[in-house]
Amino acid sequence: MPYRNKAPAQGGEAGDGRAIRLLRVQWTTIVPGKSIFPINPIYLNMANSMDDQVNSKTGPNARFPDTRMRRMRRDGFSRRMMCESRLSADDLIYPVFVLDGVNRVEPIASMPGVERQSLDRLLKTAEQALQLGIPALALFPVINAASKTAEAAEAYNPEGLVPRVVAALKKEFPGLGVITDIALDPYTSHGQDGLIDAGDPAGYVLNDETLEVLARQALVHAQAGADIVAPSDMMDGRVARIRQELDAARQIHTRILAYSAKYASSFYGPFRDAVGSAGNLGKGNKHTYQMDPANSDEALREVALDLAEGADLVMVKPGMPYLDIIRRVKETFRVPTYAYQVSGEYAMLKAAARNGWLDEQACVMESLLAFKRAGADGILSYFALSAAAWLKASR
């Protein structure tokens, strides 16, 4: 029999039954379906018997009392040794609401602890985020009612609120990642994420016409210094159209974070209060372009399309009710995958904590860790500042 290195029979890396499996490989699988040498049934039966014994103690068929799962949970050091998912400030992105003016701070009633801020106040928030190790902010504008129109022209105004804020943030904090929202609902008089068909009583949102406005908006943000543009509108083809517009203007380094699986969720209510679009939308909805909460396979199709069109990162929104989608996206595509712990999720946790029903810190940190366990590479969360501070204090 040709020479082969011997695998250790016990302990170390080969003490888990691999030596037994190696024995079987040497005898039976050198040629698929055949053996170079006659198989000795005694050796094969011995290998099977030994393999079964190993599996019964350590594998999926392990049983008590040979295996006690609590052994590794007994002490802090061993719990840390077997920890599968970890959370750090690097995983957090802080969404912020910005408005025009000076020294303005407006509390958001439906999101206790979250505020709309003018640029001068936002600069202080950005500095705090950097000090806590948070790598990026996501900007969401609060647009004056007088600037909202059916055509959303303010969305691509180079002198508008978002371009001015982006330029100021990048000048003051060059190393801070700045993400901008590419969507029209803050700018439209009707509260929809796109242009609407004036001849349709239901106000159907026009897809292809909306793409042109989104592309112009993304370019204005990129030229102002945005590191990442994040189309959250859910129009078909918007990633390709934005990438085309950016590349034509030599903005090749601007990344695209696509809200690929954005569901028509009921958890967005407080956000719409924050940006002032709830009143414009009224009793309308976004069911004709955002995803049905009942669907899972459709999310994979959306992600595949966005990646093919040039997305650098993808998003699942909302977060906790859609951990299964995060897991499927990550396992299927193995690309940077982000989750958004949305305003409704924040409001629920905050309200329960304020009523003394939940431990805020414990529940928030558990929820963020759940995103990581599901496969998220990062999380947009209104708890980002608090979570980063708690992480820093726990070192």
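End of the sequence shown = 395 in full-length UniProt numbering, gap-free, step of one.
Using N, Cα and C, we set each Cβ at its ideal position, and we do this for glycine too.
Being a predicted model, the structure only gives us computed values, none of them experimental.
Can you tell which of Asp359, Ile325, Asp312 has its C-alpha closest to the C-alpha of Asp292? For the residues Asp359, Ile325, Asp312, the minimum Cα distance to Asp292 belongs to Ile325.
Q. What residue from Ala224, Tyr187, Tyr204 has the CA that sits closest to Val213's CA?
A. For the residues Ala224, Tyr187, Tyr204, the minimum Cα distance to Val213 belongs to Tyr187.
Q. So, is Phe77 buried or exposed, given that buried needs 16 or more other C-beta atoms within 10 angstroms?
A. By the neighbour-count rule (16 or more Cβ atoms within 10 Å), Phe77 is not buried but exposed.
Starting from Glu115, trace the beta strand (DSSP E) both ways and give me its first and last residue.
The continuous beta strand (DSSP E) containing Glu115 extends over residues 115-118.
| said: Using the three-state DSSP reduction, which class does Gly378 fall into: helix, strand or coil? | reply: Strand at Gly378.
By DSSP, does Glu212 sit in helix, in strand, or in coil?
Helix.
Would you grab the beta carbon distance between Leu92 and Ala384 for me? Rounded to a whole angstrom, and I think it's under 8 Å. Going by Cβ atoms, the distance from Leu92 to Ala384 rounds to 4 Å, so yes, they are a contact pair.
- Selection from Lys170, Pro270, Ala215 that minimises the alpha carbon distance to Ala136: Nearest option by C-alpha distance: Lys170.
Task: Spatial distance of Gly203 from Thr210 (CA atoms) - done: Straight-line Cα distance between these residues: approximately 14 Å.
**Asked** Would Phe64 be called buried (16 or more neighbouring beta carbons within 10 Å of its own) or exposed?
**Response** In summary, Phe64 is exposed, with fewer than 16 beta-carbon neighbours lying within 10 Å of its beta-carbon over all protein chains present.
Test item: CB-CB of Tyr382 and Tyr346 under 8 Å: In contact: Tyr382 and Tyr346 (Cβ atoms closer than 8 Å).
Item checked: Residues near Arg373 by beta carbon distance below 6 Å, same chain, minus five either side -> Cβ within range, chain order: Ser85.
Would you mind working out which of Cys363, Glu172, Leu139, Gly191 sits nearest Lys286, comparing C-alpha positions?
Nearest of Cys363, Glu172, Leu139, Gly191 to Lys286, Cα basis: Gly191.
Query raised in the report: Can you name, in chain order, every residue of its own chain whose Cβ lies under 7 Å from the Cβ of Asp185, other than the five neighbours on each side?
Result: Taken in chain order, the residues that qualify are Gly191, Gln192, Asp193, Ser277.
_Ala107: first and last residue of the uninterrupted beta strand (DSSP E) it sits in_ = The sequence shown places Pro at residue 107, rather than the Ala named in the question. Per DSSP, the unbroken beta strand (DSSP E) holding Pro107 starts and ends at 105-107.
Residue range of the unbroken beta strand (DSSP E) whose run includes Arg71 = That residue, Arg71, is in no beta strand (DSSP E); it is neither H nor E in DSSP.
**Request:** Check Arg395 in the structure and name its three-state DSSP category.
**Result:** In this structure, Arg395 counts as coil in the three-state DSSP scheme.
### Task
Measure the alpha-carbon distance for Arg354 versus Ala308 and round it to whole angstroms.
Those two C-alpha atoms are separated by around 45 Å.
- Message: For Leu123 and Ile228, I'd like the C-alpha separation in whole angstroms.
- Response: Roughly 19 Å separates the two Cα atoms.
Discussion item. Can you tell me where the beta strand (DSSP E) holding Thr180 begins and where it ends?
Written reply: Segment 177-182, the beta strand (DSSP E) holding Thr180.
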